[in-house]
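*Asks:* Reading the sequence shown from the start, the letters are residues 1 to 253 in the working numbering.
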Amino acid sequence: MLLTVLGCSGSVPGPESPASGYLLRAGDTSVLLDLGNGTFGALQRYLDPFTLDGLILSHLHPDHCADISALTVYRRYHPHPPPGEVLPVYGPPDAAERLIAAYAPNAVERIRTDLSDLYAFRSYGGATARIGPLGVLAARVEHPCDAYAVRISHAGRALVYSGDTGPCPQLVELATGADVLLAEASWPDRPDNPAGIHLSGKDAGEAAAAAGVGRLLITHVPPWTDAEQVLTEAKAAFGGPTELARAGTHYDI
Ligand SMILES: [Zn+2]
Ligand SMILES: [Zn+2]
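1) Rounded to whole angstroms, what is the Cα-Cα separation between residue 180 and residue 116?
2) With 16 other CB atoms within 10 Å as the buried threshold, where does residue 132 fall?
3) For residue 106, is the classification buried or exposed, using 16 other Cβ atoms within 10 angstroms of its Cβ as the cut-off for buried?
4) Quick one: give me the first and last residue of the alpha helix (DSSP H) that residue 169 is part of.
5) Would you call the segment 139 to 155 and the segment 168 to 183 in contact, with 3 or more CB pairs under 8 Å?
6) Please state whether DSSP places residue 16 in a helix, a strand or coil.
7) Quick one: give me the first and last residue of the beta strand (DSSP E) that residue 7 is part of.
8) Apply the 10 Å Cβ neighbour rule to residue 21 and answer buried if 16 or more other Cβ atoms are within range, or exposed otherwise.
9) Quick check on DSSP: helix, strand or coil for residue 135?
10) Between which two residues does the alpha helix (DSSP H) holding residue 236 run?
11) Considering only heavy atoms of ligand 2 and the C-beta of each residue, which residues fall inside 6 Å, strictly closer?
12) Quick test of your reading: residue 222 and residue 10, contact by CB under 8 Å. State the CB separation rounded to the nearest angstrom.
13) Count the other CB atoms within 10 Å of the CB of residue 251; is the residue buried (16 or more) or exposed (fewer)?
14) So, for residue 96: in the same chain, excluding its five sequence neighbours on each side, which residues have a beta-carbon less than 6 Å away from its beta-carbon?
15) What span of residues does the alpha helix (DSSP H) with residue 74 cover, start to end?
16) Counting only the same chain and skipping the five closest in sequence on each side, list residues whose C-beta sits under 6 Å from that of residue 203.
17) Are the segment 240 to 249 and the segment 203 to 214 in contact at 8 Å, needing three or more beta carbon pairs?
18) Any heavy atom of ligand 1 inside 7 Å of the beta-carbon of residue 63?
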């Protein structure tokens, strides 16, 4: 699998990167993990958005899904749309309702626009779903809204993306033995960090160590957080290969 970071800025877009969005390709199959503010522009550097095979949403905070409205406009109003099928969108059960509300400004338009001409909304079950050759398994994690970490597997390799989460055993269980853990780290380790929202660098490193992953990529560092401090914490807690995800970078998995 080839992971391309479209954006990795935490909570909001930053001066060097859009918000959260990751393109994952294996052979002819391409999926997106999140599509936060600014990521739709970056996506077009790498492929024709009509060729996507699936969209996987960790949760419905704007920094993870705001650019679906841009994808909607692109798919609906492109002057030469290729014949194709609706795009599978995996996410929380209220994804359709929330994304329709984000796209359509009033009740009349919402009735006219259920987006079913463009997307097939699917909730996560407890079993592995398939998008082409990719396996997709999700686990509910700890965040102020319905939020999921996802494990994508292909040909004996696995990537786990934390989405947004506080420290939790569900993340460690899902990530166990993964080749790469793409983990958020939104703040430095402090005794007064609120519970059940985000990981610190230390938390991300501890999760990577507990799960025995091969490599840790730190992401979702907000513009107001010292990324080097978060990275130093994560490295110390994990003890394995650790780096900061950077927008526009590719990682072989
Ligand atoms: Zn976020
Ligand atoms: Zn969030």
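Don't be surprised by glycine CBs; every beta carbon is placed ideally from N, CA and C.
*Replies:* Working from what's here:
1) 34 Å
2) exposed
3) exposed
4) 169 to 175
5) yes
6) coil
7) 2 to 7
8) buried
9) strand
10) 227 to 238
11) 59, 61, 143 and 164
12) 4 Å
13) buried
14) 121
15) 68 to 77
16) 167
17) yes
18) yes
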